[in-house]
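In our numbering, the protein residues as written are 2 to 70.
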């Protein structure tokens, strides 16, 4: 899944550095967990320049598309 996430992001955003960490195991017994993965991302991109945090998140969510469901 990490490769899919990286590919979706790098195909839509010019990336300087990207790290995706799978944290799913630490969330598996949480109430409401429907089996989806939990990932932490560090993304460095010049495409984020001049954008606020919400706009940056929107860019990532758009790149991930249906994976965010």
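We put the CB at the ideal spot given by N, CA and C, even for glycine.
Under 8 Å by Cβ, that's how I've got residue i and residue j pegged, so tell me the actual separation to the nearest angstrom.
{"i": "residue 17", "j": "residue 11", "result": "About 11 Å separates the two Cβ atoms, so there is no contact after all."}
{"i": "residue 15", "j": "residue 68", "result": "Not really, about 20 Å apart at Cβ, beyond 8 Å."}
{"i": "residue 3", "j": "residue 23", "result": "6 Å"}
Do you know offhand how far residue i's Cα is from residue j's?
{"i": "residue 39", "j": "residue 65", "result": "14 Å"}
{"i": "residue 47", "j": "residue 26", "result": "32 Å"}
{"i": "residue 52", "j": "residue 59", "result": "10 Å"}
{"i": "residue 56", "j": "residue 63", "result": "10 Å"}
{"i": "residue 70", "j": "residue 13", "result": "19 Å"}
Could you pull out every residue in the same chain whose Cβ sits closer than 6 Å to the Cβ of residue i, ignoring the five residues on either side in sequence?
{"i": "residue 61", "result": "none"}
{"i": "residue 44", "result": "19"}
At what residues does the beta strand (DSSP E) containing residue i begin and finish?
{"i": "residue 64", "result": "Residue 64 -> not in any beta strand (DSSP E); alpha helix (DSSP H) instead, spanning 54-65."}
{"i": "residue 20", "result": "18-23"}
Could you pull the start and end residues of the alpha helix (DSSP H) that residue i belongs to?
{"i": "residue 4", "result": "3-11"}
Kindly list the residues whose CB is nearer than 7 Å to the CB of residue i, restricted to its own chain and excluding five residues on each side of it in sequence; keep chain order.
{"i": "residue 84", "result": "Since the first residue of the chain shown is 2 and the last is 70, residue 84 is not available in this structure."}
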